Amino acid sequence: MKRVAITGMGIVAPGGSSPSTFFDALIAGQSAIRRLPSEFAPSLSTRIAAYLDFDPTLTFAPPRLRMLDRVSQFALVAAAQAMTAAKLELSDDLRARAGVFVGTGMGGANSVEAGYATLFRDQSDRIQPFSVLLAMNNAAAAWIASEYQLRGPSLTYSTACSSSAVAIGEAWRRIRSGESEWMLAGGSEAALTLGTMKAWEALRTLASEDRDDPAASCKPFAKDRNGLVLGEGAAMFVLEEWEHARRRGAPIQAELIGYGLSTDCEHITRPSVQGQADAMRLALASAECDPSEIDYLNAHGTATQANDTTETAAIRSVFASCAEQLAISSSKSMHAHLLGAAAAIELVASVLAMQTGIAPPTINLHHPDPTCDLDYVPNKARCGLQINRVMSNSFAFGGTNAVLVVARHLTA
Amino acid sequence: MSTFDTLCKILVKDYAIAAESLTPDTTLASLAIDSLGVIELIFAIEDRFKVSVPDIDATAVGEFGTLSELAHYVDQLLANRDALAVAEPSGAALATPS
Numbered sequence: 215m216k217r218v219a220i221t222g223m224g225i226v227a228p229g230g231s232s233p234s235t236f237f238d239a240l241i242a243g244q245s246a247i248r249r250l251p252s253e254f255a256p257s258l259s260t261r262i263a264a265y266l267d268f269d270p271t272l273t274f275a276p277p278r279l280r281m282l283d284r285v286s287q288f289a290l291v292a293a294a295q296a297m298t299a300a301k302l303e304l305s306d307d308l309r310a311r312a313g314v315f316v317g318t319g320m321g322g323a324n325s326v327e328a329g330y331a332t333l334f335r336d337q338s339d340r341i342q343p344f345s346v347l348l349a350m351n352n353a354a355a356a357w358i359a360s361e362y363q364l365r366g367p368s369l370t371y372s373t374a375c376s377s378s379a380v381a382i383g384e385a386w387r388r389i390r391s392g393e394s395e396w397m398l399a400g401g402s403e404a405a406l407t408l409g410t411m412k413a414w415e416a417l418r419t420l421a422s423e424d425r426d427d428p429a430a431s432c433k434p435f436a437k438d439r440n441g442l443v444l445g446e447g448a449a450m451f452v453l454e455e456w457e458h459a460r461r462r463g464a465p466i467q468a469e470l471i472g473y474g475l476s477t478d479c480e481h482i483t484r485p486s487v488q489g490q491a492d493a494m495r496l497a498l499a500s501a502e503c504d505p506s507e508i509d510y511l512n513a514h515g516t517a518t519q520a521n522d523t524t525e526t527a528a529i530r531s532v533f534a535s536c537a538e539q540l541a542i543s544s545s546k547s548m549h550a551h552l553l554g555a556a557a558a559i560e561l562v563a564s565v566l567a568m569q570t571g572i573a574p575p576t577i578n579l580h581h582p583d584p585t586c587d588l589d590y591v592p593n594k595a596r597c598g599l600q601i602n603r604v605m606s607n608s609f610a611f612g613g614t615n616a617v618l619v620v621a622r623h624l625t626a
Numbered sequence: 000m001s002t003f004d005t006l007c008k009i010l011v012k013d014y015a016i017a018a019e020s021l022t023p024d025t026t027l028a029s030l031a032i033d034s035l036g037v038i039e040l041i042f043a044i045e046d047r048f049k050v051s052v053p054d055i056d057a058t059a060v061g062e063f064g065t066l067s068e069l070a071h072y073v074d075q076l077l078a079n080r081d082a083l084a085v086a087e088p089s090g091a092a093l094a095t096p097s
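Protein chains in written order, with the numbering used here: chain A, 215 to 626; chain B, 0 to 97.
Written as structure tokens, this is what we have:
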């Protein structure tokens, strides 16, 4: 089996539009959650989200922009950052078998909704000519493949909130097996639309706005947690076969060493301890790694009642006596839940945690919950750690649990 | 404003094309407007001129050599539309016998 290096990372996320600015905000405990400025916000019962101040006209010329849904815009910008960071010179041979795997939960939600608004609200009898191309779920992957002329597989994984963990994990498998020399993989989400937010609201899973501080509304693992906060953004990675990366002197950021995948079959939304634990065990097994060797765990930690209690029990089940010593945090307390892009941006946080020896905190954790009784790095980042291996958890409605394990790369 | 001028306005606004580069002899191909771009241009023409381009003509629009030919085609659509409006002043289904 081949080894897999991460040689480039790119991110457009709440709190930062580069890996370092994103991570700096996390370790400073800064929340990117704010009141939505959208016109429709007054009709929402919860008006908070982690939205991006993103001006696509700075990157894309008008004719191209009209073909790109926001989800593709984010993905293209993140991919460009990752490609620049990887310093990969693309020969025809390198393009031939390389591909793009993108995870997204809602795809071109903005374009779908704009089309419906034109038809149903404005009573028009026709919608924008590129609606299909904007809205199709595989658009982001297709545009990236086209941008870099990558002629291998371009696939879109949609497993709700674990989508990008699956995209990254499947790309890892492809390189590990020798089918591709390198891949672009990650996730993108742009679904802060009226329809999507109303749908989440109806499911009664969204956090209510904190009375004193809207930015403090997402409270993972706390007794007073009351739901998730939605966010938008993207992160993309250049994954590269280890020897290939070494030979060309690539800037290796970390090694992707494990991936575990399982499915809960009990219920469409209720998480299962066994399902989550299975995914963590499989990830450890593929990484040939003992639970005691994980130094930091970036939790799924959505701040729903069900997830945080279940995830705590699953971590206890897998890590046994090591669970108490494990530093665990939910960075979602700051960047919110990016659904299909969540795992990708959390992998950026995981890699930088290893490089800096700093575990990002779980903010807003002032009232401990007896059913969530592990070390969640409450409220303040923890510095001066030796973080050699990180596990990153992603679970999903529909039950697809995906867990990634990364290892620190020690430069010679 | 002439049909040609209106077409130029659409091209300048939607395609970020410099106004001074547009002449009656300019071709769509030289503006890098491909088959998808033509679909979009037809949509804009329908919106701006309040005409309907039949599907059967959609390919033909892309094959027009120059902007003046495209303007001529749009003028024909406008003339047909106006003729129909005279024939059916109230929009009634029955045409007046001539």
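Note that beta-carbon positions come from the ideal geometry of N, C-alpha and C, so glycine has one too.
The structure presented is a predicted model; accordingly, all values stated were derived computationally and were not measured.
Is there a Cβ of chain A sitting closer than 7 Å to that of residue i, yes or no?
i                : result
Tyr72 of chain B : no
Ala82 of chain B : no
Glu39 of chain B : yes
Ala15 of chain B : yes
Phe42 of chain B : yes
Thr95 of chain B : With a pLDDT of 43 at Thr95 of chain B, under the threshold of 50, the modelled position of that residue is not reliable, and the figure given next carries that caveat. Answer no: the Cβ-Cβ gap between Thr95 of chain B and chain A never drops below 7 Å.
Gly90 of chain B : Confidence at Gly90 of chain B is low in this model, with a pLDDT of 48, below 50, so the placement of that residue should be treated as unreliable; the coordinate-derived value is given next. Taking Cβ atoms only, chain A never reaches closer than 7 Å to Gly90 of chain B, which makes this a no.
Give a yes or no on whether the minimum CB-CB distance between residue i and chain B is below 7 Å.
i                 : result
Ala541 of chain A : no
Ala331 of chain A : no
Pro270 of chain A : no
Ala353 of chain A : no
Ala275 of chain A : yes
Pro343 of chain A : yes
Output needed for residue i: all residues of its chain with C-beta closer than 6 Å, excluding positions within five of it in sequence on either side, in chain order.
i                 : result
Ser360 of chain A : none
Val226 of chain A : Phe288, Val291, Ala292, Gly447, Ala448
Glu507 of chain A : Arg603
Trp456 of chain A : Arg217, Ala219
Ser252 of chain A : none
Ala464 of chain A : Thr221
Ala527 of chain A : Val487
Since I believe residue j is in contact with residue i (beta carbons under 8 Å), could you give me their beta-carbon distance rounded to a whole number of angstroms?
i                 : j                 : result
Ser378 of chain A : Gly392 of chain A : That pair is no contact at about 23 Å.
Gly317 of chain A : Ala558 of chain A : 7 Å
Pro485 of chain A : Thr576 of chain A : Not quite, the Cβ-Cβ distance comes to about 18 Å (not below 8 Å), so this is no contact.
Ile389 of chain A : Lys216 of chain A : 6 Å
Ser531 of chain A : Val620 of chain A : So it is not a contact: roughly 22 Å between Cβ atoms.
Ser376 of chain A : Ala610 of chain A : 4 Å
Val443 of chain A : His551 of chain A : 6 Å
Tell me whether residue i sits in a helix, a strand or coil according to DSSP, three-state version.
i                 : result
Gly641 of chain A : Given that chain A is displayed from residue 215 to residue 626, the structure contains no residue 641 of chain A and the question cannot be resolved.
Thr410 of chain A : helix
Ile44 of chain B  : helix
Leu83 of chain B  : helix
Thr95 of chain B  : In this predicted model, Thr95 of chain B has a pLDDT of only 43, less than 50, meaning its place in the structure is not dependable enough to derive any value.
Met0 of chain B   : coil
Phe237 of chain A : helix
Ser378 of chain A : helix
Ala293 of chain A : helix
Val60 of chain B  : helix
Tyr14 of chain B  : helix
Thr570 of chain A : helix
His458 of chain A : helix
Glu403 of chain A : strand
Ala312 of chain A : coil
Ala31 of chain B  : coil
Gly222 of chain A : strand
Tyr265 of chain A : coil
Gly554 of chain A : helix
Once you ignore the five residues that flank residue i on each side, which residues in its own chain have a CB closer than 7 Å to its CB?
i                 : result
Ile241 of chain A : Ile572, Pro574, Ala595
Thr332 of chain A : Ser338, Ile341
Thr483 of chain A : Phe611
Once you ignore the five residues that flank residue i on each side, which residues in its own chain have a CB closer than 8 Å to its CB?
i                 : result
Asn593 of chain A : Gly243, Pro575, Thr576, Ile577, Asn578, Leu579, His580
Val52 of chain B  : Ile41, Ile44, Glu45, Val60, Leu76
Quick one: does residue i have its CB under 7 Å from some CB of chain E?
i                 : result
Leu240 of chain A : You won't find chain E in this structure, because its protein chains are A and B.
For this session: Just list the alpha helix (DSSP H) runs in the region 496-541 of chain A, keeping only unbroken ones of 4 residues or longer that don't cross its boundaries, in chain order.
Result: As far as the region 496-541 of chain A is concerned, its whole alpha helix (DSSP H) runs of at least 4 residues are 519-533.
Problem set entry | Any alpha helix (DSSP H) of 4 or more consecutive residues that is wholly inside the region 318-364 of chain A | Assignment of alpha helix (DSSP H) within the region 318-364 of chain A, counting only whole runs of 4 or more residues, yields 323-330, 345-349, 353-362 in chain order.
Problem set entry | Within the region 432-498 of chain A, ranges of the beta strand (DSSP E) (whole runs, at least 3 residues) | 447-455, 468-477
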